[in-house]
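Student:
Structure representation (C-alpha cells):
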C-alpha cells in the first residue's frame, strides 16, 4: 500500500457514519449485511448510505456482492490488513518486538475472525 491509498483509507474512516458502517461490517464477518439492514442499523437514509458505502469501497475497506436481488456488504479484510500493515511497517525503528501485539492483531485478521475474548489473567489461545 502506498501513502495515497493509506490516506484515502484513513480519511474514509474519519467520519462517524462511515466508521459506524465499517465497524458493523467487521462485526458481521464475511457473510456480510444487506444494504437496507446497514441503513436501518446505522440510522441513515439509503441515499446517504450509498455515498458512504462508495467512499469505503473506493478506499478498499469494504466490498459488495449481489445475492439475488440484494447487495451484501462486508469488510474487505485484505484492505484492512494492508492499511494496518502500512501503519506499522517500520515499527519502532528496528525493534519489532515492541509492536508484537499490533502484529498479532493483524495476523489474526488473516483468519477472518476477531480476536477471541479472554478473561483477565488467562492467556490468549492461539
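Residue numbers (this note's numbering): 1 to 126. By construction, the Cβ of each residue, glycine as well, lies at the ideal position given by its N, Cα and C atoms.
#1: Which residue comes first and which comes last in the beta strand (DSSP E) that contains residue 65?
#2: Is the beta carbon of residue 22 less than 8 Å from the beta carbon of residue 56?
#3: Verify whether the separation of the beta carbon atoms of residue 6 and residue 77 is less than 8 Å.
#4: Need the endpoints of the beta strand (DSSP E) that residue 75 sits in, please.
#5: Considering just the uninterrupted stretch of the alpha helix (DSSP H) at residue 21, what are its terminal residues?
#6: Looking only at its own chain, which residues have a Cβ that is under 6 Å from the Cβ of residue 70, when we skip the five neighbours before and after it?
#7: Using a Cβ-Cβ cutoff of less than 8 Å, which residues in the same chain neighbour residue 20 once the five nearest sequence positions on both sides are dropped?
#8: Going by Cα to Cα distance, which pick from 16, 102 and 31 is closest to residue 66?
#9: Take residue 105 as the anchor and find which of 88, 92 and 94 has the nearest alpha-carbon.
#10: Please report the straight-line C-alpha distance between residue 54 and residue 26, rounded to a whole angstrom.
#11: Between the C-alpha atoms of residue 12 and residue 18, what's the straight-line distance to the nearest angstrom?
#12: Do residue 158 and residue 74 have their C-beta atoms within less than 8 Å of each other?
#13: Would you verify that the beta carbon of residue 98 is, or is not, closer than 8 Å to some beta carbon of chain B?
Tutor: From the atom records:
#1: Indexing the chain shown from 1 puts residue 65 at position 65. For residue 65, the enclosing beta strand (DSSP E) begins and ends at 62-67.
#2: In the chain shown, the residue the question calls residue 22 occupies position 22. In the chain shown, the residue the question calls residue 56 occupies position 56. Closer than 8 Å, so yes.
#3: Within the chain shown, the letter at position 6 stands for residue 6. Within the chain shown, the letter at position 77 stands for residue 77. Going by C-beta atoms, residue 6 is not nearer than 8 Å to residue 77.
#4: Locating residue 75 in the chain shown gives position 75, where the first residue counts as 1. Per DSSP, residue 75 belongs to the beta strand (DSSP E) from 70-75.
#5: To locate residue 21, count along the chain shown from 1; it is residue 21. Residues 16-28.
#6: Reading the chain shown from its first residue, position 70 is the one you call residue 70. Excluding positions up to five away in sequence, the list reads 34.
#7: In the chain shown, residue 20 corresponds to position 20, counting from 1. Contacts found: 42.
#8: Along the chain shown, read from residue 1 onward, the residue named residue 66 stands at position 66. It is 31.
#9: Residue 105 sits at position 105 when you count from the first residue of the chain shown. The residue from 88, 92 and 94 with its alpha-carbon nearest to that of residue 105 is 88.
#10: In the chain shown, the residue the question calls residue 54 occupies position 54. In the chain shown, the residue the question calls residue 26 occupies position 26. Computed Cα separation, rounded: 17 Å.
#11: As a working note, residue 12 is residue 12 in the chain shown. As a working note, residue 18 is residue 18 in the chain shown. Near 7 Å, if we compare the C-alpha coordinates of residue 18 and residue 12.
#12: One cannot answer for residue 158 here, as it falls past the ends of the chain, which runs 1 to 126.
#13: In the displayed structure, chain B is absent; only one protein chain is listed.
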